[in-house]
Amino acid sequence: MTQPTIESILKEKRNFPPSAEFAENAIIGSMEKYRELYDAAKADPQGFWAELAEQELHWFQKWDQVLDWQPPHAKWFVNGKINISYNCLDRHLNTWRRNKAAIIWEGEPGDSRTLTYAQLHREVCQMANVYKQLGVKKGDIVGIYMPMIPEAAIAMLACARIGAAHSVIFGGFSSEALRTRLLDAEAKLVVTADGGFRKDKTIPLKPAVDEALRDNGVPSVDNVLVVQRTQEKVHMDAGRDHWWHDLQAGVSANCPAEPMDSEDLLFILYTSGTTGKPKGVVHTTGGYNLYTHITTKWTFDLKETDVYWCTADVGWITGHSYIVYGPLSNGATSLMYEGAPRPSNPGCLWDVVEKYGVSIFYTAPTAIRALIKMGEHHPNARDLSSLRILGTVGEPINPEAWMWYHRVIGGGRCPIVDTWWQTETGGFMLTPLPGAIPTKPGSATLPFPGIMADVVDLEGNPVGENEGGYLVVKHPWPSMMRTVYGDDDRFRRTYWEHIPPKDGQYLYFAGDGARKDEDGYFWVMGRVDDVISVSGHRLGTMEVESALVSHPAVAEAAVVGRPDEVKGEEVVAFVTLEGEYEASDDLSNELKQHVVKEIGAIARPGDIRFTDGMPKTRSGKIMRRLLRNLASGQEVAGDTSTLEDRSVLDKLRSGA
Ligand code: WT7
Numbered sequence: 018m019t020q021p022t023i024e025s026i027l028k029e030k031r032n033f034p035p036s037a038e039f040a041e042n043a044i045i046g047s048m049e050k051y052r053e054l055y056d057a058a059k060a061d062p063q064g065f066w067a068e069l070a071e072q073e074l075h076w077f078q079k080w081d082q083v084l085d086w087q088p089p090h091a092k093w094f095v096n097g098k099i100n101i102s103y104n105c106l107d108r109h110l111n112t113w114r115r116n117k118a119a120i121i122w123e124g125e126p127g128d129s130r131t132l133t134y135a136q137l138h139r140e141v142c143q144m145a146n147v148y149k150q151l152g153v154k155k156g157d158i159v160g161i162y163m164p165m166i167p168e169a170a171i172a173m174l175a176c177a178r179i180g181a182a183h184s185v186i187f188g189g190f191s192s193e194a195l196r197t198r199l200l201d202a203e204a205k206l207v208v209t210a211d212g213g214f215r216k217d218k219t220i221p222l223k224p225a226v227d228e229a230l231r232d233n234g235v236p237s238v239d240n241v242l243v244v245q246r247t248q249e250k251v252h253m254d255a256g257r258d259h260w261w262h263d264l265q266a267g268v269s270a271n272c273p274a275e276p277m278d279s280e281d282l283l284f285i286l287y288t289s290g291t292t293g294k295p296k297g298v299v300h301t302t303g304g305y306n307l308y309t310h311i312t313t314k315w316t317f318d319l320k321e322t323d324v325y326w327c328t329a330d331v332g333w334i335t336g337h338s339y340i341v342y343g344p345l346s347n348g349a350t351s352l353m354y355e356g357a358p359r360p361s362n363p364g365c366l367w368d369v370v371e372k373y374g375v376s377i378f379y380t381a382p383t384a385i386r387a388l389i390k391m392g393e394h395h396p397n398a399r400d401l402s403s404l405r406i407l408g409t410v411g412e413p414i415n416p417e418a419w420m421w422y423h424r425v426i427g428g429g430r431c432p433i434v435d436t437w438w439q440t441e442t443g444g445f446m447l448t449p450l451p452g453a454i455p456t457k458p459g460s461a462t463l464p465f466p467g468i469m470a471d472v473v474d475l476e477g478n479p480v481g482e483n484e485g486g487y488l489v490v491k492h493p494w495p496s497m498m499r500t501v502y503g504d505d506d507r508f509r510r511t512y513w514e515h516i517p518p519k520d521g522q523y524l525y526f527a528g529d530g531a532r533k534d535e536d537g538y539f540w541v542m543g544r545v546d547d548v549i550s551v552s553g554h555r556l557g558t559m560e561v562e563s564a565l566v567s568h569p570a571v572a573e574a575a576v577v578g579r580p581d582e583v584k585g586e587e588v589v590a591f592v593t594l595e596g597e598y599e600a601s602d603d604l605s606n607e608l609k610q611h612v613v614k615e616i617g618a619i620a621r622p623g624d625i626r627f628t629d630g631m632p633k634t635r636s637g638k639i640m641r642r643l644l645r646n647l648a649s650g651q652e653v654a655g656d657t658s659t660l661e662d663r664s665v666l667d668k669l670r671s672g673a
């Protein structure tokens, strides 16, 4: 098991306070200071957020109400006028930051580029003007399907600048996954590239867009803007497709930022849930800007001279909040990397740290586990002395991986911030503040000031110390999701109805199990729903099942996660076949490929198990718990008395 167990957590007693030197120079440098902020925010949340909003951001017009809370709908900074692209760019231009690196980009193979704030501003304005030329208006949605190049960030900021909303679709998703997301959002424009470089290969992106739009597949899309990256030959549809460099050449770089209402839509980002269809998580402008700004500043203890590197892809919320918006709003230098460690270049991350003097490094446990496997001689052969803070996100980190990260990468001196949050929360919810909160390997420690988190039972009662329960948030926060795009009912059902309001207080249900220890530290145990995490990427088991049953051979499919040493979890699919089909290795490979086509490579099952029947309850529910046991080769544990047909289980066990 790579995920921590209750037993291992209870045994984990190591504790790492920040060094005196680190604490002395930190923005929040003591536990007292953290408590002070936390208590002030708890006593007067609106006052706390209002003060920060005024201090930290530029507003075209001040709000007249801090929070309008009609559970489960929150409005923050009501009637305030703001533009996040202005806060990320324009306001830095009249300071020395004008010529500071905003984005340092390290591309593959061997390309690199640095954009100062002035240069980034110029390109964003140009792209925004191109959008206008292509008929994009305030309130329209732009699909962004890009590799990890600066133009991905430029495309996002250009949307924000003119008040269009973006929907970024991870470049690793298949054309079919792209199509359904563009369709759901009724996107007007798609911004893409010919392709991107990924682990010694190129990935075709424009061909996937062509496929998604074929036969009027997404009727709302009028135009496609294509950035040239790999120089591979791609089809260009006259009238629909335009090269970015062609249009950029003739466009003005003057484009004032549109004053947006604080609650105007900033973006949609699709994420997996318990039911089949991915949901469009809706984020708005003012609250999101404030929350990503302040969490970046305090959690990474940002200094003007930091070189900050988050290894996520912009296609995920981590890339939105902590590559683009949070760092740029602070005027920081954000490094973007197109590459990834691989057998042909196992030390590439450390080369980048050395080359640019990276001081803050933020990655995922799955990456750390893969790096451990590659061997510590790679980091040991580089100079990593510029690093001062390390971060992790995406899944619970096992204490061994935490210790390796601390010792080998951090040289024993860098605090590790284990940040628990979600696409839905917009920003960090539980996290150490590195100069204040002593860390414990495997714990995301304490709530960020202003976040009222707890662990409760299904009635909403707080559970006892070190008892397992459900992680909830008790008070609205500025960057909380506002709804599910086009499906407010689903928003209510998914996040607000599993646990009833307690003493009149609504509880946001995160879908994670957790416990709190004797110091009030949170230990997140993983999802309590049918969501699995493959290399830190969230996948709904139903989503993979729907993909499988869309193949003519498949009658029924049940998908579970199996613990995997590096990826955290791996997809295992149990499949029953339609009468005329027979199980074979060829069919197994075909089904795996089919899932890749429907969703993307991240969803490829590691194992397909053909079976005559599924273990079901008398009411017809598949007993996934049993399948999970079987998939990981464990004894089938717990109660099986509700099983309808025991022989199914015996057959599955014997592999028949
Ligand atoms: C789920 C959210 C938020 C960016 C990356 C994933 C898990 C996330 C941690 C952490 C334990 C974590 C949770 C959460 N998760 N961070 N530090 N410790 N678990 O975003 O795709 O929306 O997934 O990731 O299960 O619910 P996401």
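According to the numbering used here, the sequence shown holds residues 18 to 673 in order. Glycine included, each C-beta is placed from N, C-alpha and C at the ideal position.
How many Å lie between residue i and residue j at the Cα?
i, j, result
"glutamate 514", "glutamate 595", "38 Å"
"isoleucine 414", "valine 665", "36 Å"
"lysine 205", "tyrosine 502", "16 Å"
"valine 238", "leucine 230", "8 Å"
"glycine 408", "glycine 428", "14 Å"
"glycine 64", "alanine 58", "8 Å"
"proline 273", "glutamine 136", "15 Å"
"leucine 660", "lysine 638", "9 Å"
"arginine 663", "proline 632", "8 Å"
"serine 36", "glycine 348", "27 Å"
"proline 580", "isoleucine 166", "33 Å"
"proline 451", "alanine 531", "22 Å"
"leucine 556", "serine 351", "28 Å"
"leucine 388", "histidine 262", "38 Å"
"aspartate 667", "aspartate 602", "23 Å"
"glutamate 49", "alanine 564", "52 Å"
"methionine 18", "glutamate 582", "Residue placement at methionine 18 cannot be trusted, given a pLDDT of 37 that sits under 50; the coordinates are not used to answer."
"lysine 223", "alanine 169", "14 Å"
Could you have a look at residue i and say whether DSSP puts it in helix, strand or coil?
i, result
"methionine 18", "The pLDDT assigned to methionine 18 is 37, lower than 50, so where the model puts this residue is not dependable, and the model offers no usable value."
"proline 632", "coil"
"glutamine 522", "strand"
"histidine 183", "strand"
"proline 88", "coil"
"serine 512", "Sequence inspection shows tyrosine at residue 512; the serine mentioned does not correspond to that position. It is helical."
"lysine 372", "helix"
"glutamine 610", "helix"
"glycine 459", "coil"
"asparagine 240", "strand"
Would you say residue i touches the ligand WT7, meaning its beta carbon is less than 8 Å from a heavy atom?
i, result
"proline 413", "yes"
"alanine 384", "no"
"glycine 543", "yes"
"arginine 507", "no"
"glycine 596", "no"
"valine 410", "yes"
"aspartate 128", "no"
"tryptophan 513", "no"
"aspartate 529", "yes"
"histidine 423", "no"
"histidine 554", "yes"
"alanine 118", "no"
"alanine 418", "no"
"threonine 288", "yes"
"glutamate 700", "Given that the chain is displayed from residue 18 to residue 673, the structure contains no residue 700 and the question cannot be resolved."
"isoleucine 433", "no"
"serine 550", "yes"
"threonine 436", "yes"
"threonine 335", "yes"
Looking at residue i and the ligand FMN, is the gap between the Cβ and the nearest heavy atom below 8 Å?
i, result
"serine 605", "Because the ligand FMN does not appear in the structure shown, any question about it cannot be addressed here, the ligands present being the ligand WT7."
Should residue i be labelled buried (16 or more other beta-carbon atoms within 10 Å of its own) or exposed?
i, result
"asparagine 32", "exposed"
"histidine 394", "exposed"
"serine 376", "buried"
"aspartate 318", "buried"
"threonine 309", "buried"
"glycine 343", "buried"
"aspartate 400", "exposed"
"tryptophan 333", "buried"
Within 9 Å (strictly less), CB to CB, does residue i reach chain B?
i, result
"glycine 46", "In the structure shown, chain B cannot be found, because there is only a single protein chain."
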